[in-house]
Each structure stands twice: as C-alpha cells, then as structure tokens.
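Since the structure comes first, as structure tokens, the remarks are kept for the end.
In the numbering used here, the protein residues as written are 649 to 1226.
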C-alpha cells in the first residue's frame, strides 16, 4: 500500500512568520521605549545631582562670606593687620568641598577704613579639578564703627574732622566747619553731620567701653618702665613692641616715637613736635589715667586705640593732630588758648568764640557776647601782691552788656574777684580790687570812634594807679591805697567771675599780658615778671580722627582674655553672584 505524504502549507508558514515579526517589533518598541525612559531618568538624575551640588556650593559660598565678615570684625586672631583671605578652606575636614576667599580694603578714600571688597568661590574638588563652582562678589561695611567716644557734652569745632561714628553721653554741637562723616549717637545734636542722628542708648547694647585701665596687661607683650618727667628724641629701644608704662605724669618733647603701647598712670602732656605713638598688633596705642594735654604742637600722630580716663585739652595752635584708630574719652574734648609766658596757664575756650587769624597783631579772638569766654584752670601762678601791669588790645563792639568784663581773677568757687578790669557806669572801664573800684578814665566811646584796635594798659606802682590808651601819656593817674586780692583761683577772660550773661564782653581781644610788677610803656617782651601772656593769634585746633578697626582691635589679658573692637556690627551693601 502506498504511503501518504503530507506537505507543509506555504500559507501556514507565512502566517507564522508574520506573527514572529510582529512579536519582534513589539519587543523592539518596548526596548526602545524603555531605553528612552532609562535615559531620561539618568538625565533627570544627573540634573538633580547638579542642582543639589549647585545649591550646596551656593550655601558654602554664603558661609565663606560670613567667615570673612567675622574675621574682619574681629581680626585679633589673624597674624596680619587684617584678614587678606585664604584658599582651600573647608567647613568639614577631609570632605570634597572647598572655598577660596579674597579680602581687599576699599582704598578709594584714604580716610575711609570701614569698607571692604570680598570675593569668594566655593567648589568641589575632583581629580584636581574644580566642579560646581559658585562665585560671589560683595561689598562689606563696618557699621556702627565708633571713632570717637566722649562722656561729656562735646563742641565739635571748625577744624575738627571725624571719619567714623561718634558716641556722646551728653549733647553734641557741631560748629560750622566741623565735619563728621558718620552717625552721631547722643542725647541731643545741633549742627549738620554726614550720617544720621541716633539716640545714644541705641549703641550701648552693641558696644562697651574698651577694657583698658591702669592695670592693663597683654597676653603677648611684656611691660617696661618709663620714668616720669620729660621724654624727648627717643632712642631705638622704644621701637620694640612693648607696654611702655609710666607711673606718674609724663611730658613728650620733640621727636618721640614709641612702638607698642604707652600707658601713663597720671597726666600726659604733649609739648613737642613730630611725635608718633604706634600700637602693636592687639595693643592699644595709648592709655592715660588722668588728662591728655596737647599743647602748641605740629605733627602728632597716634595710630591705634587711645583711651583717656580724664579729659582732653587741645591747644588752638595745635596743627596736624591725627588719630588713626579711635579716641575714647571719659571727660570731654576742650580747646585751649595757650599761655606763652611759661607758666602754662592755658585758657579753656568756652562756647564758640571765633579765631580771626587775619586780624589784630597776628591774629585775634572774637567774642559774641552771648556765651563766649575763656577760663584758666585753678593755679597759684597768676597771683598779684601789689604792683602789676595789665596790657590788652581791644576792638570792642559799640554795644556792650552793662557790666561787660575784659578779665577777672576770681577764687576757686567763683564767689568773689581778686581783681578785674570791666565796664561799669557810663560804659567806663574800671579796675576792681576787693570791695572797691578805680575808674580808668577810658570809656567805650573812646574805643569805638574809629574801626581800629586800641591798646589799653593799667599799671599799679606802690599806691599809684595809671591808665593808658594807645600812647605813653597816662589817661589817668592818681593814688589808690587799696591793693589787689592775692588769692589763688582762676582767670576769666571776656566775662566776670561767675560767667554771668550780664558780664559778657562783645568784640575782639588780642595779646593779653599780665605782669606782677610795674613795667615801662610800652611793655617789653621777655620781662621776667610776665606771669601770663595770651597772644590769641591761633587759628583753632586742627584735629582729624579716623576709624581704623584693624588697628584698634585689642586683647586684654584675663581668664579668659577679652577681645574688643570699635566695630560693633557689619552689613553687606551689595552681594552679586557671578
């Protein structure tokens, strides 16, 4: 029987091929879609990682700015004067994240030391390459930054300039010509300043008085003695950074240069020219337990923090007085009219008489008749026992107060005059001795007939009194057996003993001299009996104080050590992400 042979159908084979092809196409489509999804996920994951890295680097760059801000505010632990910045800084050791910082003081204004430019870059380091960098540029301002601190009412005079903020526990009056480039924290402010007036209480929670006293000690520098007396033309020894300590009163002559700190447990008088006190790192430049007296000097420079427990008196003839750092004074700052007779009976200038350098002999002082006057400190050198000569140049206003005084020597409590020269009845000048007066025969009308200066001289010789106006012929001469009071006290100029408004003089005064003997006319220079001579030819004290936080920051030894800076805060004026 023959076998039956079955042949595969071509149709069936075709259908199976199509089905297989469709399956392959579906698998390919799924694979392609899956690969796309996986690729998209990888991309999104990479983007997320980059965003996370960028956020982390942005935050690290912000931290770098705060690092710079902290070290600029408190530079005591920096080896250099201020922090210049650094590279390769880390918040976490052994991590991959780093930042570089560069700090540059803004030197566009040589008198401005409160502004800094800061640039920083934060990044991850991978195989020596910077990855994910974030860069910032910022402008930092130290504020408040106190350049001057006083505990008494302060008159800011025409030739005084301040760069920095000013704290005053009392009232501040800024006279025309005085310049304050900063805010003023005080109880009251009169006058114009470049900054803002603010209540004094606003500053006190932010900044304390510097921790510097007569027992100041440094954790780094030793103390070495300076003998009381006069120091001049210092040798190189004083260029060694130390705490130079004087246990008494000290006077600086010419060409004194001290490196480190000068600590004076008494009064400090600066009498000579070209003196320099320069603080070492973290040291104050100067501490004075009592008063700082600046006489007719030129070119005094204090670089660093100066702390004065008493007051500051600056001669109206002082020029080029520069404090680069800060001045903190428990008392006030007073201007003085210097005594050139050698007795150092300088007059304190009260209120705001005007210096007229182009008037009088070689200058003069003008009084407004409202509050202006001069007053010496109490002393024993301006005593008259009997014979004397008073010489003064006057250019009075045509109208005077009823008892306007040219001068008056009074007791310490201003209760009574020892002797005086003032206007009285009929606007005639009279001399006062205790409980009596002598008319000079010189009247106000005699000195206002022409717009010029008049030379008034009063001489007592024995019991004879003489008065002169301009020439050598006495205006009046007669016997008067009552002599001057001989007690101690102080001398007032342009006002009577109690600074009574009714006794204030109006006009100009020049070249006031007092001799304790009768001298020939005109009074010569260089007579030993000249006990007081106020030329009044100054121009007003020339003082500049500039805040310099890098120089003024100090460390006081203690448990723990105390850190102090004149900068009580800082803010960024601008931040730009590059």
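Ideal Cβ placement from N, Cα and C applies to all residues, glycine included.
Host beta strand (DSSP E) of residue i (start-end)
i	result
residue 1046	Careful: residue 1046 lies outside any beta strand (DSSP E) and carries neither H nor E.
residue 1012	1012 to 1016
residue 869	No beta strand (DSSP E) holds residue 869; DSSP gives it neither H nor E.
residue 1054	1053 to 1058
residue 909	905 to 912
residue 846	845 to 847
residue 781	777 to 790
residue 1070	1065 to 1071
residue 797	794 to 798
residue 760	Neither: residue 760 is in no beta strand (DSSP E) and is coded neither H nor E.
residue 753	745 to 753
residue 735	733 to 737
Burial state of residue i (16 or more Cβ within 10 Å)
i	result
residue 691	Note that residue 691 has pLDDT 49, beneath the 50 cutoff, so the model's placement of it is unreliable and no number is given.
residue 932	buried
residue 902	exposed
residue 1214	buried
residue 951	buried
residue 693	The predicted model places residue 693 with a pLDDT of 46, which falls under 50 and marks its position as unreliable; any figure quoted below should be read in that light. Answer is exposed; the Cβ neighbour count stays below 16.
residue 1219	exposed
residue 1047	exposed
residue 1116	buried
residue 674	exposed
residue 1119	exposed
residue 1221	exposed
residue 1207	exposed
residue 990	exposed
residue 942	buried
residue 1063	exposed
residue 668	exposed
Best match in the options for proximity to residue i [C-alpha to C-alpha]
i	options	result
residue 804	983, 1069, 1181, 1096	983
residue 1233	1032, 1218, 818	With the chain running from 649 to 1226 in the structure shown, residue 1233 is simply not present.
residue 1158	895, 1041, 955	1041
residue 1146	1060, 1163, 1101	1060
residue 1177	1029, 736, 900	1029
residue 955	948, 944, 946, 939	939
residue 1205	812, 863, 830	863
residue 866	914, 924, 930	930
residue 1055	1021, 1084, 1083	1021
residue 850	1217, 1223, 1224	1217
residue 736	712, 915, 1181	712
residue 765	745, 775, 730	730
residue 1099	1082, 1044, 1149	1044
residue 834	748, 813, 842, 1142	813
residue 918	936, 908, 907, 927	936
residue 891	898, 1183, 899, 906	906
Boundaries (first-last residue) of the alpha helix (DSSP H) holding residue i
i	result
residue 1225	Run containing residue 1225: none in the alpha helix (DSSP H); it sits in the beta strand (DSSP E), 1218 to 1225.
residue 595	What is shown of the chain runs 649 to 1226, which leaves residue 595 out entirely.
Any chain B beta carbon closer than 8 Å to residue i
i	result
residue 966	Here chain B cannot be found, since the structure has a single protein chain.
Quick check: the stretch 1184 to 1195 against the stretch 840 to 849, are at least 3 beta-carbon pairs closer than 8 Å?
no
Evaluate the contact criterion for the stretch 1039 to 1057 versus the stretch 1122 to 1131: three or more CB pairs, one atom per stretch, below 8 Å.
no
With three or more beta-carbon pairs closer than 8 Å as the criterion, would you say the stretch 959 to 968 touches the stretch 1097 to 1116?
no
Would the stretch 774 to 784 and the stretch 818 to 828 be scored as touching if the rule is three or more Cβ pairs under 8 Å?
no
If we require 3 or more residues per run, which beta strand (DSSP E) segments fall completely within the stretch 1075 to 1117?
1076 to 1081, 1084 to 1091, 1102 to 1109, 1112 to 1117
Is the stretch 1060 to 1077 in contact with the stretch 1089 to 1103, if contact means three or more CB pairs nearer than 8 Å?
yes
Is it the case that the stretch 851 to 858 contacts the stretch 870 to 882, given that we only count it when at least three CB pairs across the two stretches are under 8 Å?
no
Does the stretch 979 to 995 come close enough to the stretch 789 to 803 to have 3 or more Cβ pairs within less than 8 Å?
yes
Any chance the stretch 987 to 1005 sits against the stretch 1193 to 1211, with 3 or more Cβ pairs inside 8 Å?
no
Cβ contact (3+ pairs, closer than 8 Å) linking the stretch 824 to 834 and the stretch 768 to 778
no
Which residue spans inside the stretch 871 to 952 form an unbroken beta strand (DSSP E) run of at least 3?
871 to 874, 877 to 879, 890 to 894, 898 to 900, 905 to 912, 916 to 918, 923 to 927, 934 to 936, 940 to 942
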